[in-house]
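Encoded as structure tokens, the structure appears first; notes follow it.
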Amino acid sequence: MPGRRRICGSRERWIRAARDRALIQQENKCIYCRTPLKRTEATADHAIPIAEGGIDRDNIVAACQPCNRAKGRMRAAEFKAALRGKADGSFYIQLCATVYRLNKRTEAACRRLQRLVA
Ligand SMILES: [Zn+2]
């Protein structure tokens, strides 16, 4: 059905634009684990799942594929708590949590290094 295809294409473009906007706001990093992301690697994640009413543009965040997959239908706050070790999580959540801790320590080390050379 050509009309339906046009509607889907328009929605995909809308989501991609919202993801790109979010990625810039997030300084080109995954909102959850802070892994640096290129535009082509970023996925659009609904911070509040669609099933719970999260359908507006501000609900779209940029996430890496592993985090988006591990988060599934969780709310963003719930997933972030799991990454920070405040909740139980699956193997994939634990994997994303490890990446988050590594990125956090790397960022802290870079800040210390920048202070030393400044
Ligand atoms: Zn991530």
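Just so we're aligned, residue -16 is where the sequence shown starts under our numbering, counting upward by one.
Just so you know, even glycine gets a beta-carbon here, dropped at the ideal spot from N, CA and C.
Here the structure is a predicted model, which is why all the values come from computation and not from measurement.
When G36, N86, A65 and A1 are compared, the shortest CA-CA separation from Q77 is found for A65. Ordered by chain, the residues meeting the criterion of a beta-carbon within less than 7 Å of a non-hydrogen atom of ligand 1 are C13, Y15, C16, T18, A46, C47, P49, C50, C79 and V82.
Here DSSP, grouped into helix, strand and coil, assigns K12 to strand. Take Y83, set aside five residues on each side of it, and the residues of its chain with a beta-carbon closer than 8 Å to its own are Y15, C16, R17, L66 and R67, in chain order. Distance from the CA atom of L99 to the CA atom of Q9, rounded to whole angstroms, is 26 Å.
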